[in-house]
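K.L.:
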Amino acid sequence: MNKPKPYSDMPLRNRDIKVIVNAGLARRHAAEQRFRWYGLTAISLGLIFVVLMFGSIIAKGLPAFWQTYIQVPIAFDAATLDPQGTRDPQALASADYNALVRSGLRQLFPNIEGRLELRALYGLTSTDAAYELQRQVQQNPDLIGSNQAIWLLAAAPVDTFIKGNIDRALDEAERPIKNNQIEWLDQLQGAGKIEKQFNTVLFGNGDSREPEQAGIRGALMGSFFTLLVTFLLSFPIGVATAVYLEEFAPKNRWTDIIEVNINNLAAVPSIVFGLLGLAVFINFFGLPRSAPLVGGLVLSLMTLPVIIIAGRAALTSVPPSIREAALGMGASKLQMVGHHVLPLAMPGMLTGSIIGMARALGESAPLLMIGMVAFIVDVPKNFLDPATVLPVQIYLWSDLPERAFVERTSAAIMVLLAFMILMNGLAIILRKRFERRW
Amino acid sequence: MSTTAIETESVLGQPLRSAAEPRQKSTIEVTDYNNRQTVGKITVDNPKMLCREVDVYYGQKQAIKNVSLDIGANEVIAFIGPSGCGKSTFLRCLNRMNDTIPSARVTGQIKLDNDDIYAKEIDVVQLRARVGMVFQKPNPFPKSIYENVAYGPRIHGMVNTKAELDDLVRESLERAGLIKEVEKRMLEPGTSLSGGQQQRLCIARAIAVNPEVILMDEPCSALDPIATAKIEELIDELRENYTIVIVTHSMQQAARVSQRTAYFHLGDLIEIGDTDQIFTNPRHKLTEDYITGRFG
Numbered sequence: 137m138n139k140p141k142p143y144s145d146m147p148l149r150n151r152d153i154k155v156i157v158n159a160g161l162a163r164r165h166a167a168e169q170r171f172r173w174y175g176l177t178a179i180s181l182g183l184i185f186v187v188l189m190f191g192s193i194i195a196k197g198l199p200a201f202w203q204t205y206i207q208v209p210i211a212f213d214a215a216t217l218d219p220q221g222t223r224d225p226q227a228l229a230s231a232d233y234n235a236l237v238r239s240g241l242r243q244l245f246p247n248i249e250g251r252l253e254l255r256a257l258y259g260l261t262s263t264d265a266a267y268e269l270q271r272q273v274q275q276n277p278d279l280i281g282s283n284q285a286i287w288l289l290a291a292a293p294v295d296t297f298i299k300g301n302i303d304r305a306l307d308e309a310e311r312p313i314k315n316n317q318i319e320w321l322d323q324l325q326g327a328g329k330i331e332k333q334f335n336t337v338l339f340g341n342g343d344s345r346e347p348e349q350a351g352i353r354g355a356l357m358g359s360f361f362t363l364l365v366t367f368l369l370s371f372p373i374g375v376a377t378a379v380y381l382e383e384f385a386p387k388n389r390w391t392d393i394i395e396v397n398i399n400n401l402a403a404v405p406s407i408v409f410g411l412l413g414l415a416v417f418i419n420f421f422g423l424p425r426s427a428p429l430v431g432g433l434v435l436s437l438m439t440l441p442v443i444i445i446a447g448r449a450a451l452t453s454v455p456p457s458i459r460e461a462a463l464g465m466g467a468s469k470l471q472m473v474g475h476h477v478l479p480l481a482m483p484g485m486l487t488g489s490i491i492g493m494a495r496a497l498g499e500s501a502p503l504l505m506i507g508m509v510a511f512i513v514d515v516p517k518n519f520l521d522p523a524t525v526l527p528v529q530i531y532l533w534s535d536l537p538e539r540a541f542v543e544r545t546s547a548a549i550m551v552l553l554a555f556m557i558l559m560n561g562l563a564i565i566l567r568k569r570f571e572r573r574w
Numbered sequence: 430m431s432t433t434a435i436e437t438e439s440v441l442g443q444p445l446r447s448a449a450e451p452r453q454k455s456t457i458e459v460t461d462y463n464n465r466q467t468v469g470k471i472t473v474d475n476p477k478m479l480c481r482e483v484d485v486y487y488g489q490k491q492a493i494k495n496v497s498l499d500i501g502a503n504e505v506i507a508f509i510g511p512s513g514c515g516k517s518t519f520l521r522c523l524n525r526m527n528d529t530i531p532s533a534r535v536t537g538q539i540k541l542d543n544d545d546i547y548a549k550e551i552d553v554v555q556l557r558a559r560v561g562m563v564f565q566k567p568n569p570f571p572k573s574i575y576e577n578v579a580y581g582p583r584i585h586g587m588v589n590t591k592a593e594l595d596d597l598v599r600e601s602l603e604r605a606g607l608i609k610e611v612e613k614r615m616l617e618p619g620t621s622l623s624g625g626q627q628q629r630l631c632i633a634r635a636i637a638v639n640p641e642v643i644l645m646d647e648p649c650s651a652l653d654p655i656a657t658a659k660i661e662e663l664i665d666e667l668r669e670n671y672t673i674v675i676v677t678h679s680m681q682q683a684a685r686v687s688q689r690t691a692y693f694h695l696g697d698l699i700e701i702g703d704t705d706q707i708f709t710n711p712r713h714k715l716t717e718d719y720i721t722g723r724f725g
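From first to last, the protein sequence lines are chains Z and W.
Here the first sequence is numbered in my numbering, starting from 137 and rising by one per residue.
Here the second sequence is numbered in my numbering, starting from 430 and rising by one per residue.
1) Quick one: is A558 of chain W near chain Z, going by C-beta distance under 8 Å?
2) Residues in the same chain with beta-carbon distance under 8 Å from V563 of chain W, minus the five sequence neighbours each way, listed in chain order, please.
3) Rank Z:I506, Z:S426, Z:I318, Z:T452 by C-alpha distance to the C-alpha of P516 of chain Z and give the top, closest one.
4) Any beta carbon of chain W sitting closer than 8 Å to that of E460 of chain Z?
5) At the 8 Å Cβ level, is G586 of chain W part of the contact set with chain Z, yes or no?
6) Indicate whether the contact test is met: 3 or more Cβ pairs, each with one atom in the region 174 to 188 of chain Z and one in the region 208 to 218 of chain Z, closer than 8 Å.
7) Among Z:V337, Z:L364, Z:A231, which has the Cα closest to the Cα of V273 of chain Z?
8) For W320 of chain Z, is the classification buried or exposed, using 16 other Cβ atoms within 10 angstroms of its Cβ as the cut-off for buried?
9) Among the residues of its own chain, which have a CB less than 8 Å from the CB of V513 of chain Z, if the five just before and after it don't count?
10) Can you tell me whether A200 of chain Z is buried or exposed? The criterion is at least 16 other CB atoms within 10 Å of its CB, across all chains shown.
11) Considering only the alpha carbon of each residue, which of Z:P424, Z:A290, Z:D145 lies closest to N335 of chain Z?
12) So the beta strand (DSSP E) L644 of chain W belongs to, where does it begin and stop?
13) Starting from I707 of chain W, trace the alpha helix (DSSP H) in both directions and tell me its first and last residue.
14) For K329 of chain Z, which three-state DSSP category applies?
15) Do E571 of chain Z and P456 of chain Z have their C-beta atoms closer together than 8 Å?
16) Would you call I509 of chain W buried or exposed, if buried means 16 or more other Cβ atoms sit within 10 Å of its Cβ?
17) So, with DSSP's three-state summary, where would you put M615 of chain W?
18) In chain Z, which residues lie with their C-beta within 9 Å of the C-beta of Y671 of chain W?
19) Express the C-alpha separation of L520 of chain W and A684 of chain W in angstroms, rounding to a whole number.
20) Using the beta-carbon count (16 or more within 10 Å), is W533 of chain Z buried or exposed?
21) Among W:A605, W:V554, W:K494, W:Q538, which residue has its Cα nearest to the Cα of A548 of chain W?
22) Let me know if E310 of chain Z comes out buried or exposed under the rule of 16 or more other beta-carbons within 10 Å of its beta-carbon.
23) Nearest chain W C-beta to M485 of chain Z closer than 8 Å, yes or no?
24) Against chain W, with Cβ distances strictly below 8 Å, would A467 of chain Z count as a contact?
25) Applying a beta-carbon distance threshold of less than 7 Å, which residues of chain W neighbour K387 of chain Z?
26) Can you give me, in chain order, the residues of the region 446 to 458 of chain Z that have a beta carbon less than 7 Å from any beta carbon in chain W?
27) Output the boundary residues of the beta strand (DSSP E) element that contains I352 of chain Z.
28) Does the beta carbon of E450 of chain W sit closer than 8 Å to a beta carbon anywhere in chain Z?
29) Please determine, among Z:W202, Z:S239, Z:I194, the residue with the shortest C-alpha to C-alpha distance to T216 of chain Z.
30) Using the beta-carbon count (16 or more within 10 Å), is H165 of chain Z buried or exposed?
31) Apply the 10 Å Cβ neighbour rule to D541 of chain Z and answer buried if 16 or more other Cβ atoms are within range, or exposed otherwise.
32) When DSSP builds the beta bridges, which residues end up paired with E662 of chain W?
33) Hey, out of W:P569, W:T677, W:Y462, W:K609, whose CA is closest to S687 of chain W's CA?
34) Starting from the beta carbon of Y487 of chain W, find every residue of chain Z whose beta carbon is closer than 7 Å, and list them in chain order.
35) Touch check for the region 698 to 705 of chain W and the region 466 to 486 of chain W: three-plus C-beta pairs under 8 Å?
36) May I ask which residues mark the beginning and end of the beta strand (DSSP E) holding G606 of chain W?
What follows is the structure, encoded as structure tokens:
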């Protein structure tokens with residue numbers, strides 16, 4: 137009896153709870169500690185990747201918000217622009233502004249001769265320079281006859297070089313910018329005739345083959361029209377569906393099947409919706425290709441299940457006591473829903489919808505199917521104009537080899553992400569603002 | 430050592446002999462626990478509501494079995510009984526709140542004055558305007574105090590002008606004994622009031638549409654004794670104008686506020702009678718067991 141018995145041999149009643157708990161305590165604490173470390177590791181890994189991604193996008197895309205301009209002395213020669221002196225807009229529009237740009241450049245470097253050399257010189261400015269002069273003259277015909285120093289858009293290789301993305305040490309044949317051009321640019325820079333200005337082109341222009349003239353205006357407007365259609369269709373239909381299914385529909389096999397199918401639809405790959413849109417809206421109904429209207433219809437199909445599911449969740453979270461109170465007062469079912477349940481569920485529904493819309497904003501695959509992947513220079517003005525959207529624009533640019541497009545791709549991604557963050561922020565604000573306690 | 434076990438069992442099954450001390454003058458008529466025929470007079474001289482052979486099913490399960498009783502005009506009738514005995518279910522039949530539960534099915538006849546409330550031509554909207562309800566948990570709408578009371582008159586189109594509505598809201602709050610507390614804060618949310626005030630707000634909301642009957646489903650179970658006392662006082666005053674049916678777990682409350690009491694047990698109406706009689710001279714053994722606290 138002196139020898140202590142092993143603890144596990146003691147009858148249950150005689151065991152001391154303190155000893156039992158203490159024996160296991162170290163193990164429990166270790167498990168807790170371990171779990172905490174797993175969590176921390178997972179979160180830090182995630183954060184590192186997010187920082188890496190944002191860092192690389194911002195590092196690549198930030199320079200795209202500035203654009204190189206060259207100051208060129210332009211003589212608005214009346215003989216070239218308006219020989220008749222009529223100031224007729226038609227005549228002014230068709231005048232040879234390229235000649236003005238060229239003579240201006242020659243004026244900067246009077247010693248250059250020879251066809252090839254001159255061509256290299258003319259290559260410093262963008263082809264947009266002539267149009268810029270045309271715009272200025274049309275806006276202010278009084279310029280004709282005067283001499284002005286005008287900031288002209290530099291060509292993309294020049295811009296890339298000025299931003300330090302072309303290595304001088306590289307062999308001349310491997311550079312898009314030649315030795316003599318580098319020499320001239322150095323001179324211009326020494327004279328303060330090269331400047332980086334905020335890139336208004338990026339936000340003001342549609343797509344272009346020339347990187348320095350390419351902008352996201354067209355894609356932004358396309359995204360705007362597409363999302364507008366999506367919202368106008370999917371929000372009312374989604375809310376109405378959620379309300380009907382949750383509040384009015386009888387609970388039977390049919391509604392079960394509908395519910396399962398809606399949940400399945402939310403998981404259907406988005407490109408399938410694109411194929412559906414192609415088959416139904418374009419082939420069957422004959423709607424135009426590449427149009428924001430069709431894009432919006434397709435994205436509505438994709439967003440609807442998300443809105444319905446979020447809406448139903450929001451409706452179920454309204455406490456039954458509110459419904460009972462309303463019904464007990466003699467409110468009809470529609471009054472109960474309209475006066476009490478829906479207002480209380482609205483923040484949740486809005487949040488779900490905005491998150492669905494944010495997903496639609498970032499969607500590209502289904503839009504490829506309905507032709508919104510075309511190269512479109514004009515900024516769309518309505519729902520039927522051919523258009524593309526931001527993510528597709530990013531996809532298009534990411535395919536192009538020019539260095540200047542690489543940074544524009546990243547810049548477009550930054551703009552897209554900014555809109556996403558804006559929408560998600562709006563969702564959070566709405567939820568916080570309209571959330572009511574009961 | 431084994432006596433404790435036996436005692437425990439006897440509590441679950443039959444009441445303990447020692448606890449069931451014989452009364453000086455026992456009025457128990459039914460001693461058989463299996464005799465579930467209603468004891469007592471179910472009719473009154475001046476009925477407001479008539480319930481005959483009411484059965485309620487939830488799916489396959491029968492929650493109310495063949496209950497018949499009258500509810501007199503301007504009386505407070507209390508439904509008592511252990512949890513799950515069906516008293517709330519029966520209460521909710523009286524304004525067809527059970528309609529909101531898809532699996533619930535009600536048979537039998539319930540009349541309000543002379544209208545069968547389950548008849549096809551009766552609209553629940555009209556019925557619920559005539560038979561108001563106050564719930565167990567205070568459930569004011571997440572709107573202002575004013576809007577809470579104004580809601581009923583507004584949806585039923587009872588008033589034409591803003592001034593009329595203002596008067597009606599004031600009067601209802603006054604009758605619910607809440608006006609002094611909320612006079613200055615009519616536009617504050619109803620949920621900002623204390624529990625007892627919220628419940629009185631719910632009563633004000635119910636009487637704003639001037640119903641004929643008010644159903645109260647354990648209106649004080651979530652309240653402290655002081656708030657409870659105020660509500661009970663209020664019930665006593667409201668009796669002048671309304672018929673009140675109250676479900677309660679507190680037998681003291683039933684004794685204090687009601688004129689008649691009905692005792693439910695497992696879906697059966699076991700005994701009904703004047704409150705005094707039920708609490709002093711119960712006629713069914715089950716009733717006696719319950720009110721003396723032997724089970725429930």
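C-beta: ideal position from N, C-alpha, C; glycine also.
The structure presented is a predicted model; accordingly, all values stated were derived computationally and were not measured.
P.N.:
So, from the listed chains and residues:
1) yes
2) Q628, C631, I632, A635, I643, L644, M645, D646, P648
3) Z:S426
4) yes
5) no
6) no
7) Checking every option, the nearest Cα to that of V273 of chain Z belongs to Z:A231.
8) By the 10 Å Cβ count, W320 of chain Z comes out buried.
9) So the list reads G342, D343, S344, G354, once near-sequence residues are dropped.
10) buried
11) Closest option to N335 of chain Z, Cα to Cα, is Z:A290.
12) 642 to 646
13) 704 to 709
14) coil
15) no
16) buried
17) Looking at M615 of chain W - three-state DSSP - the assignment turns out to be coil, as it is neither helix nor strand.
18) Going along chain Z, no residue has its Cβ under 9 Å from Y671 of chain W, so there is no contact; the nearest lies around 15 Å.
19) 19 Å
20) buried
21) W:Q538
22) exposed
23) no
24) yes
25) P531
26) S457, I458
27) That residue, I352 of chain Z, is in no beta strand (DSSP E); it is neither H nor E in DSSP.
28) With a pLDDT of 47 at E450 of chain W, under the threshold of 50, the modelled position of this residue cannot be trusted; read the value that follows with caution. Not an interface residue.
29) Z:S239
30) exposed
31) Sequence check: residue 541 of chain Z is Phe here, not Asp. Under this definition F541 of chain Z is a buried residue.
32) Bridge partners of E662 of chain W: none, in fact.
33) W:T677
34) The premise fails here: Y487 of chain W is roughly 14 Å from chain Z at the closest Cβ pair, so nothing lies under 7 Å.
35) yes
36) No beta strand (DSSP E) holds G606 of chain W; DSSP gives it neither H nor E.
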